[in-house]
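Below is one structure, written out as structure tokens, with a few remarks after it.
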Amino acid sequence: MLAASPLLLICWLAGYALLCAIQPFATCRTCRGIGFATHTDRKGRPKRGKRCRRCRGHGKHVRTGRRLLTTARDTHHTGTR
Numbered sequence: 168m169l170a171a172s173p174l175l176l177i178c179w180l181a182g183y184a185l186l187c188a189i190q191p192f193a194t195c196r197t198c199r200g201i202g203f204a205t206h207t208d209r210k211g212r213p214k215r216g217k218r219c220r221r222c223r224g225h226g227k228h229v230r231t232g233r234r235l236l237t238t239a240r241d242t243h244h245t246g247t248r
């Protein structure tokens with residue numbers, strides 16, 4: 168069990184890195200990809216709400232892993248000039 172845990176962690180990290188390389192944008196969890204919040208009026212009908220602050224109304228946001236990969240790449244590029 169102790170030897171399998173690091174292997175499982177390495178496999179998960181490799182899979183996440185591959186996902187970030189292939190699909191850098193993810194659906195926003197706050198608005199569920201719509202780009203705005205939905206509310207209901209007094210009669211119970213759906214009504215468009217404010218623009219989502221997390222994705223700025225686009226419905227997608229950059230994954231954390233992709234952001235880290237881009238920052239590391241830019242830092243390496245700046246340091247090796």
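Residue numbering for the sequence shown is 168 to 248, as defined by this note's numbering. Even for Gly, the Cβ is constructed at its ideal location relative to N, Cα and C. Remember, it's a predicted structure, so these values are computed and weren't measured experimentally.
Let me check one thing: in DSSP terms, what residues is residue i bridge-paired to?
i      : result
His228 : Ala193
Just how far apart, CA to CA, sit residue i and residue j?
i      : j      : result
Thr238 : His206 : 37 Å
Leu169 : Leu176 : 12 Å
Leu236 : Thr242 : 10 Å
Cys222 : Pro213 : 21 Å
Do residue j and residue i come within 8 Å of each other at the CB atom, strictly closer than that value?
i      : j      : result
Thr194 : Cys219 : no
Gly200 : Gly226 : yes
Gly202 : Gly224 : yes
Give me the residue from the options with the minimum Cα distance to residue i.
i      : options                        : result
Thr231 : Pro213, Gly211, Ile201, Ala188 : Ala188
Arg233 : Pro173, Ala184, Ser172         : Ala184
Phe192 : Arg248, Leu235, His228, Arg209 : His228
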